[in-house]
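Residue numbers (the working numbering): 426 to 712.
Here's the structure, in structure tokens; my notes come after.
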């Protein structure tokens, strides 16, 4: 008697393996055999919401200055209808996302060629390695006073801070990607008569893309976490600005709304990056 085929919902929730993972004889230690686990993610979310409801009902959250779930919901409805400080909520979200994407874009635009130069040229490594290794451990927050002195408090200053947060991550990722290319592939390309440009285009770049994409995901997360600090630079729009202004007026419900939105949007960005990685780099992990 054949076993019943699992439903699509069970597979989507991660309660059953799909057709690919069911064929695997060894699963522990094989990352490709790990299913989505969405059921447990939804369970965790439900537990947190229930805990918030219970804590609100028994007033267990007041000593921690955490707002009740009903008060937070009422504040969210009000902000959605009236905006926050004469600015719609979607405008606050939009400007924060724009700043993050701009910082990551310019960081990748400069950092990837810089990492390639460091990985492929002794001169490039000698020139840039000391600067990159010196600046990489410095948190972007420490640069805010200098950025204000250099660029003032305009939009450029905020994006430049996020650019610096992304730049060195992308540089290290690109350099690591170049270093991970198997020399046998380069020798094979030379033996077939490939030029340096062709080797760069068809051998080095495809093999370095997985590391570069990992750097993109990392820099996206770092910049999204840094955007709150970037919007401290005299910003009147953005989720970080909204949180800081609400803090000054002890509106903890608005602060919690901003924190939740930052977490949700960051998670959505991560999911999009994972999907793009699967689509653009299908050869990742296949040698």
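Using N, Cα and C, we set each Cβ at its ideal position, and we do this for glycine too.
- Give me the Cα-Cα distance between residue 567 and residue 433, rounded to the nearest whole angstrom. The sequence position of residue 567 within the chain shown is 142, counting from 1. The sequence position of residue 433 within the chain shown is 8, counting from 1. Residue 567 and residue 433: Cα-Cα distance of roughly 49 Å.
- Message: Rounded to the nearest angstrom, what separates residue 601 and residue 691 at their Cα positions?
- Response: For the purposes of this step, residue 601 is taken as residue 176 along the chain shown, with counting starting at 1. For the purposes of this step, residue 691 is taken as residue 266 along the chain shown, with counting starting at 1. So the alpha carbons of these two residues sit roughly 25 Å apart.
- Item | Proximal residues to residue 544 (C-beta, below 6 Å), its chain only, five neighbours per side dropped | By 1-based counting over the chain shown, the position of residue 544 is 119. The residues are 600, 603, 604.
- Item | Contact check, residue 596 vs residue 536, beta carbons under 8 Å | The count along the chain shown starts at 1 and reaches residue 596 at position 171. The count along the chain shown starts at 1 and reaches residue 536 at position 111. Taking 8 Å as the Cβ cut-off, residue 596 and residue 536 qualify as a contacting pair.
- Message: If contacts are defined as beta-carbon pairs under 8 Å, then residue 492 and residue 678 qualify, I think. What distance do you get, rounded to the angstrom?
- Response: Stepping through the chain shown from its first residue, residue 492 is reached at position 67. Stepping through the chain shown from its first residue, residue 678 is reached at position 253. Residue 492 to residue 678, Cβ: 4 Å. Contact.
- Item | residue 577 - containing alpha helix (DSSP H), residue span | Along the chain shown, read from residue 1 onward, the residue named residue 577 stands at position 152. Taken as a continuous stretch (DSSP letters only), residue 577 belongs to no alpha helix (DSSP H), as it is neither H nor E.
- Residues in its own chain within less than 8 Å of residue 615 by CB, not counting five upstream and five downstream? Taking the chain shown and counting its residues from 1, one reaches residue 615 at position 190. Cβ neighbours of residue 615 beyond the five flanking positions: 624.
- Query: Would you call the CB atoms of residue 406 and residue 705 closer than 8 Å?
  - Reply: Outside the displayed span of the chain (426 to 712) sits residue 406, for which this structure offers no information.
- Taking only the alpha-carbon atoms, compute the straight-line gap between residue 442 and residue 523 and give it to the nearest angstrom. For the purposes of this step, residue 442 is identified with residue 17 of the chain shown, where counting begins at 1. For the purposes of this step, residue 523 is identified with residue 98 of the chain shown, where counting begins at 1. In a straight line, the C-alpha of residue 442 is about 38 Å away from that of residue 523.
- Message: Please tell me whether residue 515 and residue 667 are closer than 8 Å, where the distance is taken between their beta carbons.
- Response: Here the question's residue 515 lines up with position 90 in the chain shown. Here the question's residue 667 lines up with position 242 in the chain shown. Cβ atoms of residue 515 and residue 667: not closer than 8 Å.
- Selection from 481, 642, 552 that minimises the alpha carbon distance to residue 495: For the purposes of this step, residue 495 is taken as the residue at position 70 of the chain shown. Ranking 481, 642, 552 by Cα distance to residue 495 puts 481 first.
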